[in-house]
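**Q** Just so we're aligned: 47 in the working numbering is position 10 of the sequence shown, and the numbers increase by one with no gaps anywhere.
Handing you this structure, nothing more for now.
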Amino acid sequence: MIMTHPGLPIELAIIIGISMLLLGLWALKSKAPSHTTTASTSLAHVPIVGTFFKYISQHTWPLLLLKIVFALLFVLIVVAGLWGTPIVERNLATTLTWNFWWTGIIIAILFSGSAWCAICPWDNIASWLVNHKLWHRSNSNSRLQLRVPNVLRNIWPASLLFIGFTWLELGVGIVASPYATALLALAMVILATTALALFEGKAFCRYMCPVGRTVGAYSQLAPVALRPINSDTCRSCKTLECYHGSESIAPCPTQQIMGRLQENTYCTSCGNCTQSCPSHNISWQLRSPSSEAINDARPHTDEAFFMLILLALTLFHGLTMLDHWQIYISQIAQNINDSGQLLLSFTIGLIACLLLPILLYGVSIWLTSKLCDETAGVSFKKLFSGFAFVSLPLAFSYHIAHNLNHFIRESSNWTELLSNPLGIDTQPLSMMEKHIRHMAMMIPENMLFALQGLLMAAGFFIAVQVIRHRGSHLFAARGIQLLPMLLFAALVSGINLWMLVQPMTMRM
């Protein structure tokens, strides 16, 4: 028997839908927005918490301690996966990886930006193995420091790995295998270690890591980010320690210059710049949660495609957990005579779900270009890249709303799991135990529904703002000229809302 979560109340969905309609009509009638300067506040200057943020920015041990703790947890996950029980819900490897980390990391971005990358065990274990140091600049000669080949100097490797992750997770079903989960974890460490040993900087983090690029994309919507406290100090700086590092602190692993940084995409929050800056001019900033996507960020084509792939795969994750998905897959399997695990049918469904949103976006861009003044001289490629940010709030809002269902409704007995991480001498959960776990929510159900509704409305609002501001800045477009993009955002939001209304299958 498969347990399902109840969907969003239809009455709430109708209210959200009406609010989206009114917002879309307002966007068509409103004046072109003026460019606004992004305001931010250094958390180092905020009363009460300022001392804390100053301390963690200037001292190494808090971050190092977190790195060690998460590395030990990673080792425990691998051990539990390789030698623990195959019972999914009784093994720490699967519960901690898929129910807690894979679900919680998306929610955490909303509050901490790209901070996960700073404590990521994949990169930290690789760094310790290659550099032979826990902290500070390494003098080891164990790295070849080769220049990353041009064919890899983009985030297409991360895009392909993300698609592969999805195929393994939902198609092959490694979510239901502690052993496969552990092997995947080890494979990522091996890939990170190999890239670090071969190439300069941290090529794995910048170009290859699907999780890091997802965190980087979504963190452009986060209200916190590492930024200069005083911009004038950075403008007058000649030594650029944030980029080059210092005698004891390594350079920026993704080659960012803090004084020129406009987007969070490649900042891993590693803390090197906060440690190396001689003026102590870098700290966590509190800012508008949508400023980068609306005004500041300037993507390349590969980054635009990654954002669209992220949107498509987020929609795909939601779709595969609905009853309708099994009907679609069964129909495909009957048409192509597929049998067994239906991997071929799943792959066809995955490819279709990948291509459809990107094609719809491309058509929307083409229609937008036709409605605009041709004398503006804006190419299809520039429009395609510039408007791609509309996919971020649409994907992020649904991703969090969807993950809240898993995170809040599928709580595990963590005391039992941590005391017996390998699940020795345990039995599968009975239907009664699953039902009790299903009912033991962290917060009341109505509060969960309210949060999901608020997320959907906020995501559409930010998407509309992205369209208005970027349309105005790219080719002075407003009103009816933005209708194709507004319809694209409304269609995606409508699909997201429809999926939230449907009952959703429990992960495990």
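Here a beta-carbon is modelled for each residue, glycine too, at the ideal position from N, C-alpha and C.
Predicted model, so just to flag it, every value in this text is computed and none were measured.
1. Rounded to whole angstroms, how far is the Cβ of Ile142 from the Cβ of Ala219, which I believe are closer than 8 angstroms?
2. Could you tell me how far apart the beta carbons of Leu263 and Ser196 are, in whole angstroms, since I believe they sit closer than 8 angstroms?
3. In chain order, what residues of the same chain lie with their CB nearer than 7 angstroms to the CB of Arg243, ignoring the 5 residues before and after it?
4. What is the DSSP secondary structure of Ser67, counted as helix, strand or coil?
5. Mind checking who Ser77 pairs with in its DSSP beta bridge?
6. Quick check: the Cα distance between Met536 and Lys104, rounded to an integer number of angstroms?
7. Here's a check: name, in chain order, each residue in its chain whose Cβ is nearer than 6 angstroms to the Cβ of Leu233, leaving out the five neighbours to either side.
8. Go to Val558, then tell me how far its alpha helix (DSSP H) extends in each direction, as first and last residue.
9. With DSSP run on the structure shown, which of helix, strand or coil describes Arg264?
10. Looking only at its chain, what residues have a beta carbon closer than 7 angstroms to the beta carbon of Pro315, apart from the 5 residues adjacent to it on each side?
11. List the residues that DSSP assigns as beta-bridge partners of Phe236.
12. Would DSSP call Ile480 helix, strand or coil?
13. Run the CB neighbour count on Lys239, radius 10 Å, all protein chains shown included, and call it buried at 16 or more, exposed below.
14. Is Glu319 helix, strand or coil by DSSP?
15. Across which residues does DSSP place Thr41 in a beta bridge pair?
16. Within 10 angstroms of the Cβ of Met484, are there 16 or more other Cβ atoms? Answer buried if so, exposed if not.
17. Compare the Cα-Cα distances from Met493 to each of Ile445, Leu429, Gly516 and report the closest residue.
18. Given Leu352, which residues of its chain have a CB within under 7 angstroms of its CB, disregarding the five upstream and five downstream residues?
19. With a threshold of 7 angstroms on Cβ separation, who are the neighbours of Ile402 within its own chain once the five nearest residues in sequence on each side are excluded?
20. Which class does Pro336 belong to by DSSP, given the choice of helix, strand or coil?
21. Taking Val106 as the reference, which of Thr140, Cys157, Ser94 has the closest Cα?
22. Taking one C-beta from the segment 249–256 and one from the segment 338–348 each time, how about it: are there three or more such pairs within less than 8 angstroms?
23. Does the beta carbon of Leu511 sit closer than 7 angstroms to a beta carbon anywhere in chain D?
**A** Here's the rundown:
1. On the sequence shown, position 105 is the one that residue 142 refers to. On the sequence shown, position 182 is the one that residue 219 refers to. Contact doesn't hold; Cβ gap of about 18 angstroms is too wide.
2. For the purposes of this step, residue 263 is taken as residue 226 along the sequence shown, with counting starting at 1. For the purposes of this step, residue 196 is taken as residue 159 along the sequence shown, with counting starting at 1. That pair is no contact at about 25 angstroms.
3. Here residue 243 refers to the residue found at position 206 when the sequence shown is read from its first residue. Thr291, Tyr303.
4. Sequence index remark: in the sequence shown, residue 67 carries index 30 (1-based). Correct three-state label for Ser67: coil.
5. If you number the sequence shown from 1, residue 77 lands on position 40. Per DSSP, Arg324.
6. One-based indexing of the sequence shown puts residue 536 at position 499. One-based indexing of the sequence shown puts residue 104 at position 67. When rounded, the separation of the alpha-carbon atoms in Met536 and Lys104 is 37 angstroms.
7. Working through the sequence shown from its first residue, we reach residue 233 at position 196. If we look at Leu233 and ignore the five residues flanking it on each side, its Cβ neighbours are Ala163, Val167.
8. As shown, the chain starts at 38 and ends at 545. That puts residue 558 outside it, with no answer to give.
9. Position 227 of the sequence shown holds residue 264. Three-state result, Arg264: strand.
10. Taking the sequence shown and counting its residues from 1, one reaches residue 315 at position 278. The beta carbon of Pro315 sits closer than 7 angstroms to those of Glu278, all from its chain and outside the five residues before and after it, given in chain order.
11. Your numbering for residue 236 matches position 199 in the sequence shown. Leu183, per the DSSP bridge assignment.
12. The count along the sequence shown starts at 1 and reaches residue 480 at position 443. Reduced to three states, the DSSP call for Ile480 is coil.
13. Stepping through the sequence shown from its first residue, residue 239 is reached at position 202. Burial is judged here by how many other beta carbons sit within 10 angstroms of a residue's own beta carbon; Lys239 has at least 16 and is buried.
14. Working through the sequence shown from its first residue, we reach residue 319 at position 282. The question names Glu, but residue 319 in the sequence shown is Ile. If DSSP states are grouped into helix, strand and coil, Ile319 belongs with the strands.
15. As a working mapping, residue 41 is identified with position 4 in the sequence shown. In the DSSP output, where bridge partners are listed per residue, Thr41 has Thr542.
16. As a position in the sequence shown, residue 484 is number 447, starting the count at 1. Exposed is the call here.
17. Within the sequence shown, the letter at position 456 stands for residue 493. Ranking the options by Cα distance to Met493, first place goes to Leu429.
18. As a first step, residue 352 must be located in the sequence shown, where it is residue number 315. Shown here for Leu352: same chain residues with a beta carbon closer than 7 angstroms to its own, the five before and five after excluded, namely Cys390, Pro394, Ile532 in chain order.
19. Indexing the sequence shown from 1 puts residue 402 at position 365. Result list for Ile402: Phe417, Leu420, Phe421, Phe424, in chain order.
20. Position 299 of the sequence shown, counting from 1, holds the residue named residue 336. DSSP places Pro336 in the coil class of the three-state scheme, outside both helix and strand.
21. For the purposes of this step, residue 106 is identified with residue 69 of the sequence shown, where counting begins at 1. The option with the nearest alpha carbon to Val106 is Cys157.
22. For the pair of segments examined, the segment 249–256 was found to touch the segment 338–348: the number of CB pairs separated by less than 8 angstroms reaches three.
23. Of the protein chains in the structure, only one exists, and it is not chain D.
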